[in-house]
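For the record, the sequence lines run as chains A and B.
Adding 42 to a residue's 1-based position in the first sequence gives its number in the numbering used here.
Adding 42 to a residue's 1-based position in the second sequence gives its number in the numbering used here.
Below you'll find the structure, written out as structure tokens, and then a few comments.
Protein chains: 2
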Amino acid sequence: MADILRIGREHLASQGAAGLSLRAVARDLGVVSSAVYRYVASRDELLTLLIVEAYNDLGSRVETVVAAAPADPFARFAALADAVRGWALREPARYALLYGTPVPGYQAPADRTNDAGTRVVVALVGILSEAWATHAITGVPAGEDADHDLPPRLAADLEAIRLDYALALPSWLVARAMSCWSGLFGAVNFEVFGHFGEATLTDAGEMFDQTIRLLARQMGLVQQPELPVGEDGPGRGGAEHVSGLRGPHPSGARRRGAGD
Amino acid sequence: MADILRIGREHLASQGAAGLSLRAVARDLGVVSSAVYRYVASRDELLTLLIVEAYNDLGSRVETVVAAAPADPFARFAALADAVRGWALREPARYALLYGTPVPGYQAPADRTNDAGTRVVVALVGILSEAWATHAITGVPAGEDADHDLPPRLAADLEAIRLDYALALPSWLVARAMSCWSGLFGAVNFEVFGHFGEATLTDAGEMFDQTIRLLARQMGLVQQPELPVGEDGPGRGGAEHVSGLRGPHPSGARRRGAGD
DNA sequence: TGAAAACGAGAGCGGCGCTCTCGCAAGTCA
DNA sequence: TGACTTGCGAGAGCGCCGCTCTCGTTTTCA
């Protein structure tokens, strides 16, 4: 029932996926361990529930933020990236559940996670579709990466994806979206999992910004030069904070150390 | 002793980090579980040993491949990326140990893993240093991303890194190296951990090639047009297979499914 | 009111990490 | 040669885990 999920979420957040135990959940619930098996078939089942929930949590967060961002495709992409990063730093254990090492011996059943799991990348291609339709894809030198440059099998796969999701995008742009999609999560992974080194970056958010800018440029999204005029000063109303110039970062979120 | 490490490595490869148990190692060793505690302080200690070993395994593999690659910086980077990907696909469990979810409640002691863990990125900046010294960094439009564009704290951090490793590279290029470093492992992560979808890519290697090309361009490495003349045909002697045109990929390496 | 369903408790199985004690064998030294 | 230290594996044991099965109680509903 709902209590099990709630306590499971708490344990997941505090001890990580590997530390999630049905016995501990039962204990917190004030119930004997065998009782929870009435509601949850196994530990893996509970994990699956939490995974789907986390995917949807991240997905709806991203969708909300993107929808609230200004129409400029770069700003929308930056908002998407910020949302992913912010969520990951806020919920490192749940993030790790989604984008870290798969739990060994078990893969979340695809039919239950696919829809939820693709919401971020769907939002990404949504941004690109909008940009493409409005001829806002500008950064890419013409002909540099046309479809005929794609290797044959990849071209076929991309075509299948285009049809599957009814994308009005050229294949090469879909390919770039996938590259940048993995690049985005690579950057978040490195930050959340501490691969940039403990003390090497005092403001990881600035590093992230740089990476995001590169990714955006790869997809042909260029940063708008603040439009024609615009009143100087703060408050150009939009999502939480659109990359480019942004305030203090949620950086200092340390996952381990200095605590346990 | 060595036997423990060997069997530990086998278990790690077959069951993953979470499935590594000292009791099972002891069983395989034909010895009672408490006996292995003579040699290994704890399970985490064994994990640390295996982590360092894996970092060095990957690191020396990368260094070897890069050293054997042609002098062209793009080819060297492609060789590095190929080496990382190949190793990861060959040893998904060990790769996950290094670049997946950190084992909860435990972080490999930095003093024992830092040297080994940085060999790949050191190799990467080595390639860039060589390229920079020989004025082979060409892809980046002049002035587009000069150092003065970097935000202040990041600039300071990069400067510290430059000094720390005695790099003869401009800060903006160091920043790009870090972005591409995370992007590279993002791509490998997605492939190894199956985030590209089970059946969506028939040849993940081609997708990887595309990503690598983008990353290379971000660092100002452009693919050499096969030099002035060069005999056409195969065999331009070098590393295993340098990105660009390459044979069948080690793609079909499935990590789970269809087996257990 | 009585049958049926829902549900929690408890015992139990095998496996885990880890500790502690004991006994045995090899090496050390007078 | 005999006493002694040292190294090392065996075994029992603690508390944890996932999971199963049975049994008794409570709730629901006709």
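Each residue gets a CB set at the ideal place from its N, CA and C atoms; glycine is no exception.
Everything numeric in this text was worked out from a predicted model, so none of it was measured.
Item to check | Residues of the region 203-235 of chain B whose Cβ lies closer than 9 Å to any Cβ of chain A, in chain order | outcome: Ile203, Asp206, Trp214, Ala217, Arg218, Met220, Ser221, Cys222, Trp223, Ser224, Gly225, Leu226, Phe227, Gly228, Ala229, Val230, Asn231, Phe232, Glu233 and Phe235
Checklist entry - Using DSSP with H/G/I as helix, E/B as strand and the rest coil, what is Gln252 of chain B? => result Gln252 of chain B falls in the helix class under three-state DSSP.
Checklist entry - Counting only beta-carbon atoms, is Arg69 of chain A nearer than 8 Å to chain B? => result Taking 8 Å as the threshold, the shortest C-beta distance from Arg69 of chain A to chain B does not fall below it.
Item to check | Interface residues of the region 154-168 of chain A facing chain B [CB-CB below 7 Å] | outcome: none
Checklist entry - Using a C-beta to C-beta distance shorter than 7 Å, which residues of chain B count as neighbours of Asp245 of chain A? => result Arg195 and Leu196
Checklist entry - Which term fits Asp206 of chain A, buried or exposed, when burial requires 16 or more other beta carbons within 10 angstroms of its beta carbon? => result exposed
Next on the checklist: Quick check: is the beta carbon of Ala152 of chain A nearer than 8 Å to any beta carbon in chain B?
Outcome noted: yes
Next on the checklist: Please confirm whether Asp199 of chain A has its beta-carbon closer than 8 Å to some beta-carbon of chain B.
Outcome noted: yes
Item to check | Straight-line gap, Ala59 of chain A to Arg154 of chain A (C-alpha atoms, nearest Å) | outcome: 19 Å
Checklist entry - Does the distance from the C-beta atom of Gly50 of chain A to that of Tyr97 of chain A stay below 8 Å? => result no
Next on the checklist: For the region 119-127 of chain B against the region 241-256 of chain B, do three or more pairs of beta-carbon atoms, one drawn from each stretch, fall closer than 8 Å, so that the two count as touching?
Outcome noted: yes
Item to check | CA-to-CA distance, Asp189 of chain A to Val216 of chain B, given in whole angstroms | outcome: 31 Å
Checklist entry - Less than 8 Å separating the beta-carbons of Ser260 of chain B and Ser221 of chain B? => result Position check: residue 260 of chain B holds Gln in this sequence, whereas Ser was assumed. Their beta carbons are under 8 Å apart, which means Gln260 of chain B touches Ser221 of chain B by this criterion.
Next on the checklist: Any beta carbon from chain A within less than 8 Å of Ala138 of chain B's own beta carbon?
Outcome noted: Chain A contact via Cβ: present.
Next on the checklist: Distance cutoff 8 Å, beta carbons only. Does Gln265 of chain B sit that close to anything in chain A?
Outcome noted: no
Next on the checklist: So, at 8 Å on beta carbons, what are the nonlocal neighbours of His53 of chain A in its own chain, with the 5 sequence-adjacent residues on each side left out?
Outcome noted: Gly61, Leu62, Ser63, Ala66, Val67 and Asp70
Next on the checklist: Under DSSP, the alpha helix (DSSP H) around Glu52 of chain B begins and ends at which residues?
Outcome noted: Ala44 to Gln57
Checklist entry - Is Tyr97 of chain B helix, strand or coil by DSSP? => result helix
Checklist entry - Measuring CA to CA, which of A:Pro115, A:Leu243 and A:Ala138 is closest to Thr180 of chain A? => result A:Pro115
Checklist entry - When DSSP labels each residue in this structure, what does Ser75 of chain A get in the three-state scheme? => result helix
Checklist entry - Relative to the alpha-carbon of Ala165 of chain A, which residue among A:Ile93, A:Ser102, A:Ala258 and A:Phe235 has its alpha-carbon at the smallest distance? => result A:Ser102
Checklist entry - Out of curiosity, what's the CA-to-CA distance linking Trp214 of chain A and Arg85 of chain A? => result 42 Å
Checklist entry - Quick one: what's got a C-beta closer than 6 Å to Val108 of chain A's C-beta in the same chain, skipping five residues either side? => result Arg118, Ala121, Leu122 and Ala165
Checklist entry - What residues from chain A crowd round Asp43 of chain B, counting only those whose CB sits closer than 8 Å? => result Asp is not the amino acid found at residue 43 of chain B; the sequence shown has Met there. By Cβ distance, chain A contributes nothing, its closest Cβ being about 26 Å from Met43 of chain B, past 8 Å.
Checklist entry - Where does Gly192 of chain A fall in DSSP's three states? => result One point to set straight first is that residue 192 of chain A is Leu, not Gly, in the sequence displayed. Note: Leu192 of chain A maps to coil in three-state DSSP.
Item to check | Interface positions of the region 52-65 of chain A facing chain B (Cβ-Cβ less than 9 Å), listed along the chain | outcome: Gln57, Gly58, Ala59, Ala60 and Gly61
Item to check | Cβ neighbour criterion (16 or more within 10 Å) applied to Asn156 of chain A | outcome: Exposed: under 16 other Cβ atoms inside 10 Å.
Next on the checklist: Do Ala210 of chain A and Ala175 of chain A have their beta-carbon atoms positioned less than 8 Å apart in this structure?
Outcome noted: yes
Checklist entry - Measuring CB to CB, does Leu88 of chain A end up less than 8 Å from Val82 of chain A? => result yes
Checklist entry - When the Cβ atoms of the region 197-205 of chain A are set against those of the region 135-143 of chain A, are three or more pairs found closer than 8 Å? => result no
Next on the checklist: When you compare the CB positions of Asn231 of chain B and Gly228 of chain A, do they come within less than 8 Å of one another, or not?
Outcome noted: yes
Next on the checklist: Give me the residue from B:Ser171, B:Leu100 and B:Ala178 with the minimum Cα distance to Val162 of chain B.
Outcome noted: B:Leu100
Checklist entry - Leaving out the 5 sequence neighbours to the left and right, which residues in its chain are closer than 6 Å to Leu263 of chain B when beta-carbon positions are compared? => result Pro115, Phe116 and Phe119
Item to check | Rounded C-alpha distance that separates Gly272 of chain B from Ala219 of chain A | outcome: With a pLDDT of only 41 at Gly272 of chain B, under 50, the local geometry of the prediction cannot be trusted, and the value read off the model is given with reservation. Spanning the two alpha carbons is a distance of roughly 35 Å.
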